[in-house]
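Below is one structure, written out as structure tokens; the observations come after it.
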């Protein structure tokens with residue numbers, strides 16, 4: 001059994017539930033079949049297992065270090081990434097014309113899940129590069145794509161996203177990095193950037209020929225002052241090395257690593273404070289300021305950046321899922337092989353009787369079942385979102401604007417859930433994995449303590465839990481007069497209708513329970529926005545995010561339960577897949593009996609418009 005990801009579970013989600021084979025009817029994917037999808041997944045599993053997983057612990061214990069000139073890291077990182085690039089995985093989802101395989105997004109993300117689970121630190125480098133390339137494909141000029149994206153997809157250049165600054169953190173309206181126009185160039189309007197960027201993952205290394213930084217900065221107005229707020233933000237390509245017209249590398253740009261941040265997890269990913277335009281070591285063209293090329297229109301950089309930010313948010317959710325998933329599989333393996341204690345009852349009172357395996361204790365099974373419900377629910381949610389991207393792209397290509405709009409709305413409202421729910425609950429799965437291991441769980445000799453440390457970063461990565469909550473309640477549920485909320489409600493109701501029509505008692509019960517929770521969520525949402533005071537409405541937004549997320553994952557579990565029940569009904573007695581489907585049904589039952597009831601008190605609190613946190617004063621702490 002793989003300790004990274006259950007292939008049987010992945011096959012169930014892709015082929016039995018999401019029906020990804022039907023995507024081959026879309027012209028873009030017409031060359032594909034289940035055989036080509038499986039071949040891609042096989043490749044990902046092998047490279048992740050053979051080259052990424054073996055150095056996960058080593059890169060955590062021997063994290064990158066900076067001597068003032070160069071960042072050094074263990075050689076296994078570059079070896080693994082070279083194999084990833086040589087297999088064409090950097091361009092797996094891209095057009096043939098770009099050297100890609102034109103894999104559906106859902107298959108591409110399913111394959112990348114192996115790398116997230118095997119070694120989240122090393123996987124950050126291609127994760128960021130792929131997102132960087134996707135943004136430039138959407139918003140860059142043909143010259144920018146040829147100069148920067150093609151080498152990224154070949155694995156020669158890697159990419160980053162540079163948003164935060166030391167004094168601003170997540171408050172992007174307060175960034176002060178300046179970009180001053182210098183001249184027009186074949187790569188677009190050329191600017192000189194000056195400022196500092198903090199928490200930049202993969203910001204400096206020697207793993208690739210070049211690093212393509214996507215940098216948010218402000219262009220000063222006619223008076224030389226920066227425009228306040230997010231409206232003044234523009235987006236720039238700032239390469240580590242300038243690129244000559246023939247594609248060769250030119251002089252070093254004025255981008256300098258000031259130092260590495262040392263996090264509790266993700267230690268294999270360099271996390272950097274970068275100085276742009278200080279002129280202390282590199283002065284391209286003999287002038288100070290880092291050379292940058294404008295992406296899109298001036299003062300509209302944040303809109304462009306959201307292309308990568310939203311992709312990264314769902315990607316962070318996938319990473320959180322996979323850290324929880326591999327932790328669950330490690331805990332399951334340990335529980336099946338570790339003898340400890342004796343059963344409850346008369347048969348367990350004889351101290352000379354043999355010990356039983358941990359998995360035979362009900363409380364251990366409770367912890368394993370909780371983990372299973374979190375990680376399989378979270379993975380299903382993230383793959384569902386990836387499938388929506390495929391549907392969105394197909395609708396756009398066919399000119400079906402109504403379908404594209406509907407799919408976009410659904411993806412918009414699910415994005416904060418796909419990011420934050422796994423970051424909270426798959427982290428809890430990691431905590432339970434440590435608990436299953438007992439005293440061994442928090443020692444460095446076992447892997448589960450590292451999984452927890454790695455995953456604890458994800459509630460902060462790409463917008464904190466609170467920021468996602470404000471986005472969901474403050475924007476997503478009310479945008480376009482509640483259009484996204486309605487689309488989600490209609491989609492969930494379709495699943496409820498299928499469950500209610502089932503001959504299975506558990507399915508009907510779960511459908512009725514979900515329907516009641518969806519209705520209550522809608523009522524509470526309306527009450528929150530009728531409060532008349534945005535401060536009151538948003539004061540407890542994180543509670544709203546958690547309740548909303550549990551309702552969404554309950555829906556995803558009902559979807560999986562329907563697929564599993566249907567498949568189980570077709571099996572002959574003693575079929576080898578019967579236990580798999582019964583495990584799915586048990587996990588769905590657990591979620592509905594143990595997890596979904598948590599939503600009721602949360603909705604009660606929200607409906608009361610409680611002011612406890614809002615009224616608390618600084619002086620009272």
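Residue numbers (UniProt numbering): 1 to 621. Glycine included, C-beta positions come from ideal geometry on N, C-alpha and C.
Checklist entry - Three-state secondary structure (DSSP) at residue 236? => result strand
Checklist entry - How about residue 177: is its C-beta nearer than 9 Å to some C-beta of chain C? => result Structure shown: chain C not included; a single protein chain is present.
Checklist entry - Can residue 555 and residue 495 be called in contact, C-beta distance under 9 Å? => result Taking 9 Å as the Cβ cut-off, residue 555 and residue 495 qualify as a contacting pair.
Checklist entry - Can you tell me the Cα-Cα spacing of residue 160 and residue 312, whole angstroms? => result 11 Å
Item to check | DSSP three-state assignment for residue 258, whether helix, strand or coil | outcome: strand
Checklist entry - Looking only at C-alpha atoms, which of 76, 204 and 42 sits nearest to residue 67? => result 204
Checklist entry - CA-CA distance, residue 209 and residue 59? => result If I take the Cα positions, the gap works out to 21 Å.
Checklist entry - Does the Cβ-Cβ distance between residue 632 and residue 328 come in under 9 Å? => result Residue 632 lies beyond the stretch modelled for the chain, which goes from 1 to 621, so this question has no answer here.
Item to check | residue 158: first and last residue of the uninterrupted beta strand (DSSP E) it sits in | outcome: 157–162
Checklist entry - How long is the line joining the alpha carbons of residue 73 and residue 129, rounded to whole angstroms? => result 19 Å
Item to check | Inter-stretch contact (C-beta, 8 Å, three-pair minimum) for the region 466–473 and the region 125–143 | outcome: no
Next on the checklist: Quick check on the burial criterion: 16 or more other C-beta atoms within 10 angstroms. Buried or exposed for residue 125?
Outcome noted: buried
Checklist entry - Buried or exposed: residue 516, going by 16 or more other Cβ atoms within 10 Å of its Cβ? => result So residue 516 counts as exposed.
Item to check | Identity of the residues DSSP links to residue 37 by a beta bridge | outcome: Answer is none; residue 37 lacks a bridge partner.
Next on the checklist: At 4 residues or longer, what runs of the alpha helix (DSSP H) sit wholly inside the UniProt domain "Acetyl-CoA dehydrogenase-like C-terminal" (490–617)?
Outcome noted: 505–529, 534–539, 541–568, 578–590, 599–607 and 612–615
Checklist entry - When DSSP builds the beta bridges, which residues end up paired with residue 293? => result Within the DSSP bridge table, the entry for residue 293 names 190 and 237 as partners.
Item to check | C-alpha distance - residue 629 paired with residue 550, whole-angstrom precision | outcome: This structure leaves residue 629 out entirely; the chain is present only between 1 and 621.
Next on the checklist: Under DSSP, the alpha helix (DSSP H) around residue 74 begins and ends at which residues?
Outcome noted: DSSP places residue 74 in no alpha helix (DSSP H); its state is neither H nor E.
Next on the checklist: To the nearest angstrom, how far is the alpha carbon of residue 411 from that of residue 385?
Outcome noted: 6 Å
Checklist entry - Rounded to a whole number of angstroms, what is the C-alpha to C-alpha distance between residue 76 and residue 584? => result Residue 76 and residue 584 have their C-alpha atoms spaced approximately 37 Å apart.
Next on the checklist: On the DSSP bridge list, what partners appear for residue 180?
Outcome noted: Answer is 192, bridged to residue 180.
Checklist entry - What is the DSSP secondary structure of residue 645, reduced to helix, strand or coil? => result With the chain running from 1 to 621 in the structure shown, residue 645 is simply not present.
Item to check | Residue range of the alpha helix (DSSP H) that includes residue 152 | outcome: 150–154
Checklist entry - Opposite residue 339 in the DSSP bridges: which residues? => result 357
Next on the checklist: Here's a check: name, in chain order, each residue in its chain whose Cβ is nearer than 8 Å to the Cβ of residue 531, leaving out the five neighbours to either side.
Outcome noted: Hits under 8 Å: 537 and 609.
Next on the checklist: Within 8 Å, do at least three Cβ pairs link the region 376–391 to the region 454–462?
Outcome noted: no
Next on the checklist: Here's a check: name, in chain order, each residue in its chain whose Cβ is nearer than 6 Å to the Cβ of residue 331, leaving out the five neighbours to either side.
Outcome noted: 433 and 436
Checklist entry - Leaving out the 5 sequence neighbours to the left and right, which residues in its chain are closer than 8 Å to residue 46 when beta-carbon positions are compared? => result none
Checklist entry - Run through DSSP, which three-state label would residue 456 get? => result Of the three classes helix, strand and coil, the one that applies to residue 456 here is coil, per DSSP.
Checklist entry - Excluding five sequence neighbours on each side, which residues of the same chain lie with their C-beta closer than 6 Å to the C-beta of residue 307? => result Beyond the five residues adjoining it in sequence on each side, residue 307 comes within less than 6 Å, by CB distance, of 135 and 138 in the same chain, given in chain order.
Checklist entry - For residue 381 versus residue 553, is the C-beta spacing smaller than 9 Å? => result yes
Checklist entry - residue 317 and residue 419 look like a contact to me (Cβ under 8 Å); what is the Cβ gap, rounded to whole Å? => result 4 Å
Checklist entry - With DSSP run on the structure shown, which of helix, strand or coil describes residue 429? => result Correct three-state label for residue 429: helix.
Item to check | Beta-carbon separation (whole angstroms), residue 52 vs residue 91, contact threshold 8 Å | outcome: Going by Cβ atoms, the distance from residue 52 to residue 91 rounds to 19 Å, so no, they are not a contact pair.
Item to check | residue 497 burial status per 10 Å Cβ neighbour count (16 or more: buried) | outcome: exposed
Checklist entry - Taking all protein chains shown into account, do 16 or more other C-beta atoms lie within 10 angstroms of the C-beta of residue 127, making it buried, or fewer, making it exposed? => result Per the 10 Å Cβ criterion, buried.
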